[in-house]
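Let me begin by presenting the structure, written as structure tokens, before commenting on it.
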Amino acid sequence: MEAKKKLYGAVDSPSTMRALASLLEHQVEFEFTLIDLEAGEHKKEVFLSLSPFGEIPVFQDGDLTLFESRTIMRYISHAYAVPGKDHIFEEPNLQGIVAGWIDIEDHQFDPPASRLLHEILHKPSIGLSTDVAVVVEEEAKLAKVLDVYEERLGKRKFLGGNKFTSADLTHLPNLHLLTRTRVKELFETRPCVYAWCTGIMSRPAWTKVVDLIERSKSQA
Amino acid sequence: MATPVKVYGPAASTAVSRVLACLLEKEVQFQLINVNMSKREHKSPEYLKIQPFGQVPAFQDDSISLFESRAICRYLCEKHGNRGNKNLYGTNPLVKASIDQWIEAEAQSFNQPSSALVFQLVFAPKFKIKQDEGVIKQNEEKLSKVLDVYEKRLEESRFLAGEEFTLADLSHLPNAQYLVHATDRARGLFTEKKNVWRWWGEISGRESWKKVVDMQNAPPA
């Protein structure tokens, strides 16, 4: 009998949401186990043997154990590609472009997005005050990135090409969180970016991810 | 006969040299077009057309333009699966996943502290920018912790993703080269770990990497 696929993750984790999105989009059956970050579960030896940097999420598929959400996302998109609904291109030229935009999210979009979420959401939740100067600075950086996205999305419906791919999916967690804060203005004022955002966030699989996270929070 | 691919950027750039290493491993013909960053050529309107974020490298192959060095490397491996080093990006999804994972580890955990140290210890003195001892110490500690994880991994495995040299190891060459060969201080972080030091010797001794280092040391065109 096939071993069950497992995902270990945490509730307030964009990385976990990224892995969940990929799994749900590809309709992969898996068991989701919550790791209690506050209790330091991710630093314990048994977890470190799966994830040497102590990071979540971790994905197990038979003998394969993977850490790093973007790795999990890439693996699922290739190993569980569903013809007609896949997130990849067979042609290297086209897939190369998708790979480029996955890294753009990682290196250009994620840094200001993460710093903004840290200031606006995380710090207040632990009793610290938001540094408005940092917020203004990071918003300016994100705005420049979104200007490039606006031009790209003026030419293509999705970042990676003419269909939804991992290049779009990888943005979902931070988009979901940012568009509930004052930062949403940066998206609303860019028509192509806004159309793209609202489109991908309304995908059924993403709605299921949000739902799963909300339910896990209320049980935790 | 295919036209050589084009790589834009100085060979001294860590991200550019990552792509050069991959091109040499895959035996793909290329043309390196220098971009003079001190003259801000990377922010010119012409350059921004091929790399809208104004960074190096940019890459062109037939009709496509790509950016992001690790994405370019993946593309080269997919397109030229049967050329040069065939094991560089694995031959099946499981092996690929393992390689991807350690490429991500490099991008997420190794890159930040090592880049900060390369800037502080190598480029800042070169460009007469004041070094920040606090930043140096902080990143030395971070990098040391990352190398502890690598030390453990390399006890069980010859290379990061398994028994073959892959993109995962190659991704580390640019930053580590500067730290090991252009600094005394950061070099110690590598020499003090037995498996890491053994691994460094193997990966940096490859012919392809030696050629890249020669390109970096060549006088400007």
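Taken in sequence, the protein lines are chains L and D.
Residues 21 to 240, numbered by our numbering, are exactly what the first sequence covers, in order.
Residues 2 to 222, numbered by our numbering, are exactly what the second sequence covers, in order.
In this text, a Cβ means the ideal position worked out from N, Cα and C, and glycines have one as well.
Close-in-space but distant-in-sequence residues of the same chain around residue i (CB under 8 Å, 5 per side omitted)
| i | result |
| --- | --- |
| Phe191 of chain D | Leu148, Ala177, Leu180, Val181, Val197, Trp198, Trp201 |
| Phe54 of chain D | Phe68 |
| Glu139 of chain L | Thr150, Asp151, Val154, Val155, Glu158 |
| Lys27 of chain D | Leu77, Cys78, His81, Arg84, Gly85, Asn86, Leu89 |
| Leu155 of chain D | Leu161, Asn196, Val197, Arg199, Trp200 |
Residue i, buried or exposed, once every other Cβ within 10 Å from all chains shown has been counted against 16
| i | result |
| --- | --- |
| Phe128 of chain D | exposed |
| Lys97 of chain D | buried |
| Gly104 of chain L | exposed |
| Arg90 of chain L | buried |
| His142 of chain L | exposed |
| Ser99 of chain D | buried |
| Val31 of chain L | buried |
| Ser69 of chain L | exposed |
| Arg202 of chain L | exposed |
| Ser110 of chain D | buried |
| Ser97 of chain L | buried |
| Leu33 of chain D | buried |
| Asn218 of chain D | exposed |
Contacts around residue i, its chain only, beta-carbon distance under 6 Å, and the 5 residues preceding and following it disregarded
| i | result |
| --- | --- |
| Lys212 of chain D | Leu25 |
| Glu152 of chain D | Lys194, Asn196, Val197 |
8 Å Cβ cutoff, residue i in contact with chain D
| i | result |
| --- | --- |
| Ala99 of chain L | yes |
| Pro103 of chain L | no |
| Ala133 of chain L | no |
| Pro194 of chain L | It should be pointed out that residue 194 of chain L corresponds to Asn in this sequence rather than to Pro. Not one chain D Cβ lies under 8 Å of Asn194 of chain L. |
| Asn182 of chain L | no |
| Phe178 of chain L | no |
| Gly116 of chain L | yes |
| Phe52 of chain L | no |
| Thr227 of chain L | no |
| Gly12 of chain L | This structure does not reach residue 12 of chain L, given that chain L is present from 21 up to 240, and the question cannot be answered. |
| His191 of chain L | no |
| His138 of chain L | no |
| Asp106 of chain L | no |
| Leu43 of chain L | no |
| Asp231 of chain L | no |
For residue i, the first and last residue of its enclosing alpha helix (DSSP H)
| i | result |
| --- | --- |
| Ser70 of chain D | 70 to 80 |
| Ala22 of chain D | 15 to 26 |
| Asp215 of chain D | 208 to 218 |
| Tyr90 of chain D | Neither: Tyr90 of chain D is in no alpha helix (DSSP H) and is coded neither H nor E. |
| Phe67 of chain L | 65 to 68 |
| Tyr9 of chain D | From DSSP, Tyr9 of chain D is part of no alpha helix (DSSP H) but of the beta strand (DSSP E) over 6 to 9. |
| Glu234 of chain L | 224 to 239 |
| Glu203 of chain D | 195 to 205 |
| His182 of chain D | 174 to 183 |
| Ala117 of chain D | 112 to 119 |
Beta-carbon neighbours of residue i, restricted to chain C and to distances below 8 Å
| i | result |
| --- | --- |
| Tyr95 of chain L | In the structure shown, chain C cannot be found, because the protein chains are L and D. |
Element boundaries [beta strand (DSSP E), containing residue i]
| i | result |
| --- | --- |
| Tyr151 of chain D | No beta strand (DSSP E) holds Tyr151 of chain D; the alpha helix (DSSP H) holding it covers 134 to 157. |
| Ile34 of chain D | 31 to 34 |
Where residue i falls: helix, strand or coil (DSSP)
| i | result |
| --- | --- |
| Ser33 of chain L | coil |
| Gln56 of chain D | coil |
| Gly181 of chain L | strand |
| Thr190 of chain L | coil |
| Leu43 of chain L | helix |
| Phe207 of chain L | helix |
| Phe73 of chain L | coil |
| Thr85 of chain L | strand |
| Asp126 of chain L | helix |
| Thr201 of chain L | coil |
| Gly174 of chain L | helix |
| Ile65 of chain D | strand |
| His213 of chain L | Checking the displayed sequence, the identity of residue 213 of chain L turns out to be Val instead of His. In the structure shown, Val213 of chain L sits in a helix (DSSP, three-state: H, G or I). |
| Gly189 of chain D | helix |
| Glu165 of chain D | coil |
| Phe52 of chain L | strand |
| Val78 of chain L | strand |
| Lys105 of chain L | coil |
Any C-beta of chain L under 8 Å from that of residue i
| i | result |
| --- | --- |
| Tyr90 of chain D | no |
| Gln139 of chain D | no |
| Lys80 of chain D | yes |
| Tyr76 of chain D | yes |
| Arg204 of chain D | Sequence inspection shows Ile at residue 204 of chain D; the Arg mentioned does not correspond to that position. Chain L contact via Cβ: absent. |
| Pro114 of chain D | no |
| Ala108 of chain D | yes |
| Val150 of chain D | yes |
| Ile65 of chain D | yes |
| Lys153 of chain D | yes |
| Arg71 of chain D | yes |
| Pro58 of chain D | no |
| Phe166 of chain D | no |
| Pro53 of chain D | yes |
Sequence-distant residues of the same chain with beta carbon closer than 7 Å to residue i, five excluded per side
| i | result |
| --- | --- |
| Ser236 of chain L | Val31, Leu54 |
| Met93 of chain L | Arg38, Ala39, Ser42, Ser186, Leu189, Thr190 |
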